[in-house]
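Engineer: Throughout, my numbering is defined as the position within the sequence shown, counted from one, plus 1.
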Amino acid sequence: MPVVLPLVVLLVSLGLLLVYLFARLAMRGSEHPLKNLRYEAGNPPRGRARRPILKQYYAYILLFLVVEPLLVLLYLVALTTPSNPVATGGWILLSTGIVTPILVYTLRKMHEGGV
């Protein structure tokens with residue numbers, strides 16, 4: 002087994018741990034009762050707490066949620082199979098075939114404005 006995959010897993014795990022620890026340190030603040038509510042920045046409740054997301058942004062969210070994880074997975078596949086370019090090419094073609102209909106649908110809806 003190549004040394005690259007365990008090294009990548011270790012680095013990603015350490016990175017996630019550092020992000021978690023930094024977030025815990027950065028999120029400490031005063032313990033006011035309004036701060037624990039779901040309203041932003043402890044502001045007193047006025048109106049709706051959450052607004053529905055606009056329809057025009059659904060396509061962008063879908064593109065982001067589909068394309069970014071796919072690129073990360075393809076990068077990791079390319080790292081783990083450097084000696085077998087046929088397997089790497091097969092994974093790329095398979096994932097492209099799966100994702101292409103989703104992207105075509107999303108782009109059509111985005112241009113129509115009907116998402």
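We put the CB at the ideal spot given by N, CA and C, even for glycine.
1) Please report the distance separating the alpha-carbon of L17 from that of I62.
2) With a threshold of 8 Å on Cβ separation, who are the neighbours of L104 within its own chain once the five nearest residues in sequence on each side are excluded?
3) Can you give me the C-alpha to C-alpha distance between L19 and E113, rounded to a whole angstrom?
4) Measure how close the beta-carbons of L71 and V100 come, nearest whole angstrom, since I'm counting them as under 8 Å.
5) Sorted by chain position, which residues of the same chain lie with C-beta nearer than 6 Å to L1's C-beta, five sequence neighbours on each side aside?
6) With DSSP run on the structure shown, which of helix, strand or coil describes R29?
7) When you compare only the Cα positions, how much space is there between V78 and P3?
Structural biologist: In short, the structure shows the following:
1) 23 Å
2) L64, V67, V68
3) 42 Å
4) 6 Å
5) With the chain covering 2 to 116 only, the question about residue 1 has no answer from this structure.
6) In the structure shown, R29 sits in coil (DSSP, three-state: anything other than H, G, I, E or B).
7) 12 Å
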